[in-house]
Structure formats: C-alpha cells, structure tokens
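Below is one structure, written out as structure tokens; the observations come after it.
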Amino acid sequence: MGSTDKKLHVVFLPYLAPGHMIPMLNIARLFATAHGVHATIITTTLNAQRFKPTIFSTLNNNITLQTLPFPSTEAGLPEGCENLIDTPNPETTIKIFRAINMLEPQIKTLIHQNRPDCIFSDVLFPWTSDVAAELNIPRLAFSGSGFFNLSLAHAVESYRPQEGVDSDNVQFVVPNLPDRVMLTRSQLPDIVKSETKFSEFFEKLKAAERKSFGMVVNSFYGLESGYADYYRKAMGIKAWHVGPVELFKICEDYKDERGDKECVERHRCLGWLDSKRESSVLYVCFGSLTRFSKAQLMELGCALEDCCCCFIWVVPKELKLGGEEVEEGGEWWLPEGFEERMEESGKGMIIKGWAPQVLILEHPGIGGFLTHCGWNSILEGVAAGLPLITWPIMADQFYNEKLVTQVLKFGVMVGNEDWKIWATEETTLIGRNKIGMAMRRVMGGGDEAEEMKNIAKKLGELAKKAVEEGGSSYNDLNTLIQDIKMCSRFGGLAVRLRPKNLKSAIRSP
Ligand code: UDP
Numbered sequence: 010m011g012s013t014d015k016k017l018h019v020v021f022l023p024y025l026a027p028g029h030m031i032p033m034l035n036i037a038r039l040f041a042t043a044h045g046v047h048a049t050i051i052t053t054t055l056n057a058q059r060f061k062p063t064i065f066s067t068l069n070n071n072i073t074l075q076t077l078p079f080p081s082t083e084a085g086l087p088e089g090c091e092n093l094i095d096t097p098n099p100e101t102t103i104k105i106f107r108a109i110n111m112l113e114p115q116i117k118t119l120i121h122q123n124r125p126d127c128i129f130s131d132v133l134f135p136w137t138s139d140v141a142a143e144l145n146i147p148r149l150a151f152s153g154s155g156f157f158n159l160s161l162a163h164a165v166e167s168y169r170p171q172e173g174v175d176s177d178n179v180q181f182v183v184p185n186l187p188d189r190v191m192l193t194r195s196q197l198p199d200i201v202k203s204e205t206k207f208s209e210f211f212e213k214l215k216a217a218e219r220k221s222f223g224m225v226v227n228s229f230y231g232l233e234s235g236y237a238d239y240y241r242k243a244m245g246i247k248a249w250h251v252g253p254v255e256l257f258k259i260c261e262d263y264k265d266e267r268g269d270k271e272c273v274e275r276h277r278c279l280g281w282l283d284s285k286r287e288s289s290v291l292y293v294c295f296g297s298l299t300r301f302s303k304a305q306l307m308e309l310g311c312a313l314e315d316c317c318c319c320f321i322w323v324v325p326k327e328l329k330l331g332g333e334e335v336e337e338g339g340e341w342w343l344p345e346g347f348e349e350r351m352e353e354s355g356k357g358m359i360i361k362g363w364a365p366q367v368l369i370l371e372h373p374g375i376g377g378f379l380t381h382c383g384w385n386s387i388l389e390g391v392a393a394g395l396p397l398i399t400w401p402i403m404a405d406q407f408y409n410e411k412l413v414t415q416v417l418k419f420g421v422m423v424g425n426e427d428w429k430i431w432a433t434e435e436t437t438l439i440g441r442n443k444i445g446m447a448m449r450r451v452m453g454g455g456d457e458a459e460e461m462k463n464i465a466k467k468l469g470e471l472a473k474k475a476v477e478e479g480g481s482s483y484n485d486l487n488t489l490i491q492d493i494k495m496c497s498r499f500g501g502l503a504v505r506l507r508p509k510n511l512k513s514a515i516r517s518p
C-alpha cells in the first residue's frame, strides 16, 4: 500500500463544554464514516461517558476514544465537575478552566503516542500548535463559532472603533466589514475593553490560530459568504466551512443523542407539540451555560405568561457544587402557581435541564426561537428555518446577534446591552414589557414577522443545500480531507508552506 492509500489518522481534542463538544464530535463522526478517517477522540472519563453512546452508535470501528482522569482533587473541585455545564458558580468555572489546563502534559503524551497525521484541536488548547510542530503535522483549529464572529472580533481588535466613542452606550460602526455593523462598548467582551487575567491566554490563542494549518468552521457559505471571504483574507490562513454539520445525513440520524445525559423529555415535549397549531409555539432556551438571576427569570416567566403564543421554556436545573442537582423544592424562581397554570391551560411547557433542542426546533409547531445567540443555537435555528428573538449574554453572542438582526435581518433583539459572563442580582434587568414587545414582533403576525419568516425559510433551504452532494459545505469538507491528505503525504513541507502555495509546491517537487 502506497503512502497515499494509508488510512488518515486524526486526533480530535474537544473543549469540555457542550457548545464545543457537540459540533466537534459530529465532525469526527463525519470524518470517520463518510471519509474513512481513523478518528481518535481524547477526553476525560466523565465526558467520555456523556457522549460514548452517541459516538459508538455509529457502528463503525474508525473511532477510538481515549480517556484521562480529570484532576478534580488537584484543582479543588468536587468529583463530578468535569464540564463547564456542571458549574454552579463563577468560582467553580475558574477551577474547571484550571483543571483543564492541568491536563496539558498527559494529552501531549497521548498525542505523541498516537503519532497522528493531524491534530483537530479546539482553539482553547493553543499549545496543540506546538505539539503539531514537534510532530511535523498540521494543526486544525476549531472555535465552534462562525465567520461573522471571527471577522468582527478581528476588526474590533485591529481598528479599535470602541475607543472613538465617549460613552459605553453610544453606538459605533465597525470599520472595513462587508456590511454596516453597529455595536456599543457595553456589548464588547471584557477582554477587548481592558487587560484581564485572561489577556495573556487570548494572545496565545491568536498566535496559535495564525500558526495553524487552518480554521474549520461550522457554517455554510450562503449564510455568511462576505465574512468567510473576509476572514480568509484578513487572517491569511486557510478556512473550510463544513456546516451545519448536524444536517449531514450521518449526523442527522443521531440528533436526539446530543452528548449529554439521556433526554427524558423527548416524548413528552414532542407529543405536546403535536397538539399545537403550525408555527404557534415559541421555543425559549439560553444554551448550556447561561445562569440568570432569579429576578430575571421571574420577568421572563411573566412575559411568557402574558405573550400571545404558546411556548416551551428550557430552564437549567439548579446545581449544587459538584454538578449535583438541587432537589425539586417548588417554584423558587417562578411566578406563583406558574407551572400549574401553564400546564392546565396548555399554554406553556417547562423543561428543567436538558431539552432535545434540534428535534424541538424542527417540529412544525415551532414558529420562533428566543435564543442567547450561541453559535450552535443560531445555526440550529437557521437549519430549521425559524425567525429568532435574540438575547445575548456573553462570549461571542453579541457579535452573533448582529449577524441575525443587522445583516441577515431574520430576527429582533430583546435589547440586552451589557456583556456579562455571569448574571448576579445586580445585573440590569430586562423587564417583562421589553421582552413581550420582542415576542410580539416575531410571533404576533404582521408584515415584519412575515418578512423575517420568509428570510429564515430561505436560509433554512440554503443550509440544507450546502450539505447535499455538490453543496458548498459538502465540497469544502472534501477539500479539507484532501488538504490533510496532502499534508500527511508531504509532511513538514506542507505545514511550513502557506496553504495557498501548497498545490503548486507539490506539483513541482
Ligand atoms: N442544547 C441542547 N439542549 C439544551 C441546551 C442546549 O441540545 O437544553 C444544545 C444546543 O442544541 C446546542 C448546544 O447545546 O447545540 C449549545 O451550544 P450553543 O453554541 O448554542 O451555546 P452555549 O451552550 O455554548 O452557550
């Protein structure tokens, strides 16, 4: 067998948070099943238990799982806290970050032992670019976000337009982007506004990104073509759009198993949705990491009770330190008698914990999605052809909101102005009237709602086309595999050369 026929071996290193793990595991599955790649996934014991059934239900032997014990005791964490979803407070989040960093030497050793052809690494593991250099193999970076966010982050950091305004709430235009995008300083991540304890780490991320063979993005060209081009040009690195990965047939078959505890709510909520009129239900979910104050949950609950449509509302289970659930002790955060009233009238369903989000969004009963604008949630809303109500909280969410409301215009903002990683009782409340107004604009009918619905529907069709044979993501995935194969064949030569020079270098050795 010639070296070109050798089975490609890629090590996948997902970050320990659902929004990072779910799409990367889908990509690993795609590599293994559709392209015959040997995929080795490295993670910790408890995280492996979370997604093992999902990964191995693909019934193919191209996927290997390698696990490491999580350094809970060393990091001062209780047993069971191995993923950012398990964290009950900001202090624990920091400890989990620290514990993940402690894994570096063991993961390095495992990668060296595996001797793969390529490392597919979350951007939050910047040191993998050095490991790739040591092994003379390419490192692919995966941020879990889209081109719009990557481009906007690059433009804000390069041109610093936020420094030209007098106050945190005055809007400014981000220069040199394909569209007119407006932001306020209060919506920017802390790290952009001042030196923080994470500044050094973010510098490392950026340096590692530039040294990578390229960035793999869970998106499709039709959604953000201008930004896909902008990013590639501005960063000068290669990038492949391979999404929405969830829509590839092989991933579609497993969308009810999403790498977390088995979802017991599936039959209950899909059955409930079957009884509802088409497009009559609003789905409300803030991803896996958002923690609201009780006062804010109360405002949202009141807005939902008053709103013109039915709803499904996913609320995180309250967690004790250690990720253990607090026993159900009544409606500590809801308006009095809320759950019973909603249940009896059939107006609303509350899911405490983990919802089968993709299955819910695809149900014809759903007519809109109130989202925190995590990139996976946005893509899932797009794939389902739904208009959005945007309520960003932190991370890349404010940037993603602008793609939805200012560029593509298939959603409206609730109007949160303040980027804040963890809501406290002091965080500015978004009142029920403001929330209700955004709900009416999307779910209450009328020309504006109709227009957003049409745009969303078209984007949903484009998303499906992108993953079909000959579609932009289908083709880019093939190109990505070919590019890794070329690198594997030509080793260090390919890694050292900029990707755009790769083909010509190979043609004339
Ligand atoms: N998710 C889910 N059920 C839930 C909450 C979240 O399936 O109850 C999934 C959601 O479909 C998405 C991911 O978890 O794929 C969350 O990622 P996203 O980027 O939207 O937000 P994050 O949690 O990273 O803030």
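According to the numbering used here, the stretch in the sequence shown is residues 10 to 518, in order. We put the beta carbon where it would ideally sit given N, CA and C, even for glycine. Since the structure is predicted, the reported quantities are computational estimates derived from the model, not experimental observations.
- Annotated as proximal: residue 187 and residue 236, with beta-carbon spacing under 8 Å.
- Taken through DSSP and simplified to helix, strand or coil, residue 175 comes out as coil.
- In the three-state scheme derived from DSSP, where H, G and I count as helix and E and B as strand, residue 24 is classed as coil.
- Counting C-beta pairs closer than 8 Å gives three or more between the stretch 218 to 233 and the stretch 249 to 262, which meets the contact rule.
- If the five residues before and after residue 111 are omitted, its C-beta is found closer than 8 Å to the C-beta atoms of 80, 83 and 84, all from its own chain and listed in chain order.
- For residue 472, the enclosing alpha helix (DSSP H) covers residues 456 to 476.
- Under the DSSP definition of a beta bridge, residue 148 partners with 128.
- For residue 380, the enclosing beta strand (DSSP E) starts and ends at 375 to 380.
- DSSP, reduced to helix, strand and coil, places residue 76 within a strand of the structure shown.
- By the Cβ criterion, the stretch 452 to 470 is in contact with the stretch 392 to 399, since at least three pairs of Cβ atoms, one from each stretch, lie closer than 8 Å.
- The beta carbons of residue 414 and residue 403 sit about 18 Å from each other, so the pair does not count as a contact at 8 Å.
- According to the DSSP assignment, residue 322 belongs to the beta strand (DSSP E) that extends over 319 to 324.
- With contacts defined by Cβ atoms closer than 8 Å, residue 288 and residue 376 form a contacting pair.
- In the same chain as residue 176, and ignoring 5 residues on each side of it, the C-beta atoms closer than 8 Å to its own belong to 194, in chain order.
- Residue side-chain check: residue 389 places its Cβ nearer than 7 Å to a non-hydrogen atom of the ligand UDP.
- Residue burial is scored here from C-beta neighbours: residue 49 has at least 16 other C-beta atoms within 10 angstroms and is therefore classed as buried.
- Setting aside the 5 residues that flank it on each side, residue 224 is surrounded in the same chain by 150 and 248, each with a C-beta closer than 6 Å to its C-beta; the list follows chain order.
- Secondary structure of residue 372 (DSSP, three-state): coil.
- Judged by DSSP secondary structure, residue 357 falls within the beta strand (DSSP E) whose first and last residues are 357 to 361.
- Distances from the CB of residue 385 to the heavy atoms of the ligand UDP include at least one below 7 Å.
- The count of Cβ pairs closer than 8 Å, one atom from the stretch 311 to 325 and one from the stretch 436 to 454, reaches three, so the stretches are in contact.
- Shortest gap from the CB of residue 364 to any heavy atom of the ligand UDP: under 7 Å.
- Contact between residue 71 and residue 43 does not hold, since the beta-carbon distance rounds to 10 Å and is not under 8 Å.
- Remark: the shortest separation between the CB of residue 412 and any heavy atom of the ligand UDP does not fall under 7 Å.
- Residue 191 counts as exposed, since fewer than 16 other beta carbons sit within 10 angstroms of its beta carbon.
- Counting C-beta atoms within 10 angstroms of its own C-beta, residue 179 has fewer than 16 neighbours from the protein chains shown and is therefore classed as exposed.
- According to the DSSP assignment, residue 421 belongs to the beta strand (DSSP E) that extends over 420 to 422.
- By the Cβ-count criterion, residue 218 is buried, with 16 or more other Cβ atoms from all chains shown falling within 10 Å of its own Cβ.
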